[in-house]
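Peer 1: Just dropping this structure here.
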Amino acid sequence: MRRVRWAWLACVVVLGAMVASAAAAEQAQKAEGKKATDRKGRPLPAAAIPVPRNDAGWTKRHESMNARVAKGNVDLVLIGDSITQGWEGGGKKAWDEYYGPRNAVNLGIGGDQTQHVLWRLQNGNVKGISPKLAVLMIGTNNAGGKKPEEIAQGIRAIVRELRTSLPDTKVLVLAIFPRGPNNDDVLRKVVAETNQLVAGSRRIDGQSVKFKDIGPKFLQPDGTLPKEIMPDLLHLSPKGYQIWAESIEPEVAEVLGPKK
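The opening position of the sequence shown corresponds to residue 1063 in the working numbering, with each subsequent residue numbered one higher.
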């Protein structure tokens, strides 16, 4: 009789746990559903929903960024993907010349899409700092599987996050750099349409948030992308980084003062 009673109690406990688990899962789904809509209740695309990447190398770099900003003394942040991370490689000479003396921090991680950058910004990359300027260039890794409007929504979500987390920081949004051999390249067309949508965003007020397209600086007059600028037609060479630095120097100097 006692064994039957214990078996019955065990069933009750298990059943209760299952019910509680199901309820928790349902609440989580509801909460996630709320997070995945905009202020008007419209569903957000994946490009605008913050998520981390399940990658040890990515996590390590993210944590190293958090450790760096925790030390303070940050006047300039450059945010993006492998093209931004490349300031530490092919762009190092230009970085040392233009940004080394300006308390700059590189917040670029190779392979990142807009949703990954958004998650990083909400999870420590800008915690406790108030840089004078944030330079954002992101979205090319979304181009292969997302529509221009979806990518633009992701970029706008990042700008909104920057304005919320860093209200005293000026934001310079750069158009996604051109890619592919010429204007007929499919992904370049996606990038170009995305840039048009971002440029027309109401969040680009010309004061706190500015938009600049330096893409033509990399191209020949006929739209051809030289391999001396982007050897793989995506990532910049040292010459490409020099062009980048020179092209945004007016905006950087306006906020930080002329480079030394």
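All residues carry an ideal CB built from backbone N, CA and C; glycine is no exception. Quick caveat, the model's predicted, so the values are computed rather than measured.
What does the Cβ neighbour count give for Q1175, buried or exposed, with the cut at 16 atoms within 10 Å?
Peer 2: Buried, by the Cβ-count rule.
Peer 1: V1131 and A1166 - do their beta-carbons sit closer together than 9 Å?
Peer 2: no
Peer 1: What are the uninterrupted segments assigned as beta strand (DSSP E) that are 3 or more residues long and contained completely in the stretch 1220-1249, given in chain order?
Peer 2: 1232-1236
Peer 1: Please report the straight-line C-alpha distance between N1244 and K1301, rounded to a whole angstrom.
Peer 2: Straight-line measurement puts the Cα of K1301 at about 19 Å from the Cα of N1244.
Peer 1: Given this structure, state the Cα-to-Cα distance separating L1169 from A1214, to the nearest angstrom.
Peer 2: 20 Å
Peer 1: On the CB-based measure, 16 or more other CB atoms within 10 Å of its CB, does R1104 come out buried or exposed?
Peer 2: exposed
Peer 1: For K1232, which residues from the same chain have a beta carbon less than 7 Å from its beta carbon, with the 5 sequence-adjacent residues on both sides left out?
Peer 2: K1194, L1195, S1270 and V1317
Peer 1: At a cut of 8 Å, does the stretch 1144-1151 reach the stretch 1215-1235 through at least three beta carbon pairs?
Peer 2: Cβ pair count under 8 Å is below three, so no.
Peer 1: Would you give the residue range spanned by the alpha helix (DSSP H) that L1180 belongs to?
Peer 2: T1176 to Q1184
Peer 1: Whole angstroms are fine: how far does the CA of V1235 sit from the CA of D1267?
Peer 2: 11 Å
Peer 1: As an exercise, report each continuous beta strand (DSSP E) stretch of at least 3 residues that is fully enclosed by the stretch 1131-1156, in chain order.
Peer 2: 1138-1142
Peer 1: If you reduce the DSSP assignment to three classes, tell me which class K1301 lands in.
Peer 2: Secondary structure at K1301: helix, using DSSP grouped into helix, strand and coil.
Peer 1: How many Å lie between Q1177 and T1286 at the Cα?
Peer 2: 30 Å
Peer 1: Alpha carbons only, please: which of V1260, P1283 and P1278 is nearest the one belonging to K1272?
Peer 2: V1260
Peer 1: Let me check you understand the geometry: is the CB of K1122 closer than 8 Å to at least one non-hydrogen atom of the ligand FMN?
Peer 2: The model on display carries no ligand, and the ligand FMN is accordingly not part of it.
Peer 1: Would you kindly work out how many angstroms separate the C-alpha atoms of L1224 and E1313, rounded to a whole number?
Peer 2: 18 Å
Peer 1: What residues are listed by DSSP as bridge partners for M1199?
Peer 2: G1142
Peer 1: Quickly, what does DSSP pair T1099 with across the bridge? List them, please.
Peer 2: In the DSSP assignment, T1099 forms a beta bridge with P1105.
Peer 1: Residue range of the beta strand (DSSP E) that L1169 falls in?
Peer 2: A1166 to G1170
Peer 1: Have a look at I1238 and G1134 and give me their C-alpha separation to the nearest angstrom.
Peer 2: 29 Å
Peer 1: What separation, rounded to the nearest whole angstrom, lies between the Cα atoms of V1188 and T1256?
Peer 2: 26 Å
Peer 1: State the Cα-Cα distance for the pair P1240 and F1280, rounded to the nearest angstrom.
Peer 2: When rounded, the distance between both Cα atoms is 8 Å.
Peer 1: So, at 6 Å on beta carbons, what are the nonlocal neighbours of Q1323 in its own chain, with the 5 sequence-adjacent residues on each side left out?
Peer 2: Missing from the structure shown is residue 1323; the chain here goes from 1063 to 1322 and no further.
Peer 1: Looking at A1098: is its Cβ nearer than 9 Å to the Cβ of N1204?
Peer 2: no
Peer 1: Under the rule that 16 or more other beta-carbon atoms within 10 Å means buried, what is V1248, buried or exposed?
Peer 2: exposed
Peer 1: Rounded to whole angstroms, what is the Cα-Cα separation between R1222 and R1265?
Peer 2: 8 Å
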